[in-house]
Amino acid sequence: MICSNVIGGCQGSTGPSSIYPATGKPYGLSFPVITIGDMVRAQCHLIDYLGIEKLLTVAGGSMGGMQVLEWAAHYPERLQSAIPIATTARHSPMLIAFGEVGRQAIYADPNWNQGDYYEGAHPDAGLAVARMVGHITYLSEDSMHQKFGRRLQTREHFGYDFETDFAIESYLRHNGQRFTERFDANSFLYVTKALDYFDLENGYHKLSQAFDNSANLPYLVLSFTSDWLYPAYHAKELVSALTAAGADVTYLNIESTWGHDAFLLEVETMTKLLGQFLSRIDRHFH
Numbered sequence: 713m714i715c716s717n718v719i720g721g722c723q724g725s726t727g728p729s730s731i732y733p734a735t736g737k738p739y740g741l742s743f744p745v746i747t748i749g750d751m752v753r754a755q756c757h758l759i760d761y762l763g764i765e766k767l768l769t770v771a772g773g774s775m776g777g778m779q780v781l782e783w784a785a786h787y788p789e790r791l792q793s794a795i796p797i798a799t800t801a802r803h804s805p806m807l808i809a810f811g812e813v814g815r816q817a818i819y820a821d822p823n824w825n826q827g828d829y830y831e832g833a834h835p836d837a838g839l840a841v842a843r844m845v846g847h848i849t850y851l852s853e854d855s856m857h858q859k860f861g862r863r864l865q866t867r868e869h870f871g872y873d874f875e876t877d878f879a880i881e882s883y884l885r886h887n888g889q890r891f892t893e894r895f896d897a898n899s900f901l902y903v904t905k906a907l908d909y910f911d912l913e914n915g916y917h918k919l920s921q922a923f924d925n926s927a928n929l930p931y932l933v934l935s936f937t938s939d940w941l942y943p944a945y946h947a948k949e950l951v952s953a954l955t956a957a958g959a960d961v962t963y964l965n966i967e968s969t970w971g972h973d974a975f976l977l978e979v980e981t982m983t984k985l986l987g988q989f990l991s992r993i994d995r996h997f998h
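For the numbering used here, add 712 to where a residue sits in the sequence shown, where the first one is 1.
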């Protein structure tokens, strides 16, 4: 099993917080803008380096699902199967809008300093707000009701002030603050722009043509009923395009109240479905 951090990120692979050899300082905004295609090309170089000719499957959820689609469209000869989960063939205008709100929160933080902040205070306030906005899109109304409702965090009554009253407020603030401890603000900018630029149909007359060279691959496409970030109709569009290309497609829209986060939380269901699919593929792997 191979799982690599994407380029442009901040958890190992080269990104804006990495040291630029020419200057001895972090790249910052001198790091080139990257795409989902760039991420996958880097992964392809990785398996070349590891001496792997063909992968049993490429699987991923959300942005990882976009990488799965990119693999299938451009490197089908390196795959035996593909499993895109809770994903889309292109970022919608609404999702581009959410990404822009998050980026603007970072730009508005005076510590951002045009991305040159590594030797001083980081734009943690802006990054925390960006994370809070993004995290809302990972949940669902049902999951918010179940987990938080209108419960107060520590008070017995409303404070009628601007401190934290509701449990959901406390959760978002905590989540935003924790995110700043493990993620880089510039990486947030680069990764969200890569998401916005993603459009698998670009360069083709129709989406199905993107899969013409991978029609011999078996696909397992999964979506979740409460996911409003990448709703089921996004997955159904993929299934229609794959079917039109002649691919062998298994599609399931999984019942869940967890929203987009379901692909991370519905562990038992996912384990069963992926296990069954991979067992079938493994018999024919060569």
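Where is the CB? At the ideal position from N, CA and C, for every residue including glycine.
Supposed close pair Leu929, Pro788 - CB separation, criterion 8 Å: Taking a contact as a CB-CB distance under 8 Å, the pair Leu929 and Pro788 counts as one, their CB atoms being some 6 Å apart.
8 Å contact criterion, which Val845 and Phe895 should meet: CB distance rounded: Between Val845 and Phe895, the beta carbon gap of about 14 Å keeps them out of contact (Cβ cut-off 8 Å).
Spatial distance of Gly749 from Gly861 (CA atoms): So the two alpha carbons sit approximately 40 Å from each other.
Selected residue, minimal CA-CA separation from Leu919, among Ser855, Ala842 and Lys948: Shortest Cα-Cα distance from Leu919 to any of Ser855, Ala842 and Lys948 involves Lys948.
For Phe1000, the first and last residue of its enclosing alpha helix (DSSP H): In the structure as shown, the chain begins at 713 and stops at 998. Residue 1000 is therefore absent and cannot be evaluated.
Cross-strand partners of Thr962 (DSSP beta bridge): Bridge partners of Thr962: Leu932.
From Val979, Gly772 and Tyr829, residue whose alpha carbon lies closest to that of Leu932: Distance from the Cα of Leu932 is smallest, within the candidate group Val979, Gly772 and Tyr829, for Gly772.
Cβ-Cβ distance between Leu741 and Gly832 below 8 Å: Between Leu741 and Gly832, the C-beta spacing is not below 8 Å.
Coil, strand or helix - Ala771 by DSSP: DSSP places Ala771 in the strand class (E or B) of the three-state scheme.
Host alpha helix (DSSP H) of Ile748 (start-end): Taken as a continuous stretch (DSSP letters only), the alpha helix (DSSP H) holding Ile748 covers Ile748 to Tyr761.
Candidates Thr937, Ser716 and Thr892, of which the one nearest Glu967 by Cα: Looking from the CA of Glu967, the closest CA among Thr937, Ser716 and Thr892 belongs to Thr937.
Segments of 4+ residues assigned as alpha helix (DSSP H) that fall wholly inside the region 815-883: As far as the region 815-883 is concerned, its whole alpha helix (DSSP H) runs of at least 4 residues are 836-850 and 853-859.
DSSP state of Tyr732 mapped onto helix, strand, coil: Taken through DSSP and simplified to helix, strand or coil, Tyr732 comes out as strand.
Whether Leu791 touches Asp994 by CB criterion (8 Å): Cβ atoms of Leu791 and Asp994: not closer than 8 Å.
Contact under 8 Å by Cβ, Asp939 with Ala820: Not a contact, by the Cβ cut-off of 8 Å.
Beta-ladder partner(s) of Gly791, from DSSP: One point to set straight first is that residue 791 is Leu, not Gly, in the sequence displayed. Answer is Leu767, bridged to Leu791.
Buried/exposed call for Leu934, threshold 16 Cβ in 10 Å: By the 16-neighbour rule on beta-carbons within 10 angstroms, Leu934 is buried.
Local conformation of Lys737 per DSSP, three classes: Looking at Lys737 - three-state DSSP - the assignment turns out to be strand.
Alpha-carbon to alpha-carbon, Gln816 and Ser1037: Nothing can be reported for residue 1037: it is not among the residues displayed for the chain, which extend from 713 to 998.
Buried/exposed call for Ala953, threshold 16 Cβ in 10 Å: Of the residues assessed, Ala953 falls on the buried side of the cut-off, its CB having 16 or more other CB atoms within 10 angstroms.
Chain-order list of residues whose beta-carbon lies under 8 Å from that of Thr962 (same chain, five-residue window excluded): Cβ neighbours of Thr962 beyond the five flanking positions: Pro930, Tyr931, Leu932, Val933 and Phe989.
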